[in-house]
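Chemist:
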Amino acid sequence: MKTALRNLALALVTVLTFSSCDDILNPDIKLDTSFDVVLDVVATPGKGVFSVTDTINILNHPQLIQYTGMIQNIDIQTIEIEVLSLTPDTIVLSTCNMSASAGTLPTAAWSFTNESLHLGRIINMDNSTNQFTNAKNVFMSQLPIAVNLNGIVDADNATFQVKVTFNSEVTVSPLGN
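With my numbering, you'll find the sequence shown wraps up at 601, consecutive numbering, no jumps.
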């Protein structure tokens with residue numbers, strides 16, 4: 425019994441020595457997580473106009489499902505659009521708008537022009553007007569997030585598929601701090 429108590433005391437002293445009080449009282453978990461949606465785009469024949477929307481529900485994410493109600497922060501690191509397929513082989517986005525929105529929160533939105541698409545192309549979204557803050561607020565709402573891509577292409581009868589990815593660091597607190 426004395427040996428067990430001595431080992432327990434030694435373990436407690438070791439934990440307290442090598443851990444800060446914040447680590448013991450606030451055991452937050454940080455998860456590198458990506459939220460993505462695949463969008464199938466079909467441009468209107470003869471006009472090249474397209475608009476497509478799909479939804480991301482962060483609470484259904486396999487990494488986060490066990491932490492429902494424990495999310496403390498979602499830090500958006502990067503946002504990118506990857507071309508997965510397209511017909512014809514090269515398409516130019518004459519104008520394009522991409523947005524993420526939820527409820528009545530300010531929308532995270534990007535616009536770009538004259539972007540050439542080819543298989544495997546990745547377009548990185550910038551943060552020139554604080555769009556990442558808006559994206560963070562949209563994700564932190566934990567409401568379904570509408571991701572919209574719309575614009576005009578230069579090709580007649582163009583179709584393409586893109587994956588929009590929001591790379592983030594999610595902080596969860598199992599103790600609900």
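All C-beta atoms, glycine included, are put in the ideal place defined by N, C-alpha and C.
Would you call the region 485 to 492 and the region 545 to 565 touching, i.e. three or more CB-CB distances under 8 Å?
Modeler: Short answer: they don't touch.
Chemist: Straight-line CA distance for CYS445 to PRO451?
Modeler: One-based indexing of the sequence shown puts residue 445 at position 21. One-based indexing of the sequence shown puts residue 451 at position 27. Interpretation of CYS445 is limited by its pLDDT of 47, a score under 50 that renders its predicted location unreliable; the figure taken from the coordinates is listed afterwards. One C-alpha to the other measures close to 10 Å.
Chemist: In the DSSP assignment, find the beta strand (DSSP E) that holds THR583 and state where it starts and stops.
Modeler: The count along the sequence shown starts at 1 and reaches residue 583 at position 159. Segment 583 to 596, the beta strand (DSSP E) holding THR583.
Chemist: By how many angstroms is the C-alpha of PHE556 removed from the C-alpha of LEU508?
Modeler: Mapped onto the sequence shown, residue 508 falls at position 84. Mapped onto the sequence shown, residue 556 falls at position 132. For LEU508 and PHE556, the distance between alpha carbons rounds to 24 Å.
Chemist: Once the 5 residues before and after THR583 are set aside, which same chain residues still bring their CB inside 6 Å of it?
Modeler: Working through the sequence shown from its first residue, we reach residue 583 at position 159. Cβ neighbours of THR583 beyond the five flanking positions: VAL466 and THR511.
Chemist: How would you call SER592, buried or exposed, if buried means at least 16 neighbouring beta carbons within 10 angstroms?
Modeler: Position 168 of the sequence shown holds residue 592. By the 10 Å Cβ count, SER592 comes out buried.
Chemist: Distance, Cα to Cα, PRO530 vs ALA579?
Modeler: One-based indexing of the sequence shown puts residue 530 at position 106. One-based indexing of the sequence shown puts residue 579 at position 155. So the two alpha carbons sit approximately 33 Å from each other.
Chemist: Just to confirm my understanding: we take THR519, look at its own chain, exclude 5 residues before and 5 after, and list those with CB closer than 6 Å. What are they?
Modeler: For the purposes of this step, residue 519 is identified with residue 95 of the sequence shown, where counting begins at 1. The answer, listed in chain order, is THR537, GLY575 and ILE576.
Chemist: Give every residue of the same chain whose Cβ lies closer than 6 Å to the Cβ of ILE569, excluding the five residues on either side of it in the sequence, and list them in chain order.
Modeler: In the sequence shown, residue 569 corresponds to position 145, counting from 1. The residues are ILE480, ALA524, ALA526 and VAL562.
Chemist: If the criterion is Cβ atoms closer than 8 Å, does the pair PHE459 and THR468 meet it?
Modeler: Locating residue 459 in the sequence shown gives position 35, where the first residue counts as 1. Locating residue 468 in the sequence shown gives position 44, where the first residue counts as 1. No. Outside cutoff.
Chemist: For LEU543, which three-state DSSP category applies?
Modeler: Taking the sequence shown and counting its residues from 1, one reaches residue 543 at position 119. Three-state DSSP puts LEU543 in coil, outside helix and strand.
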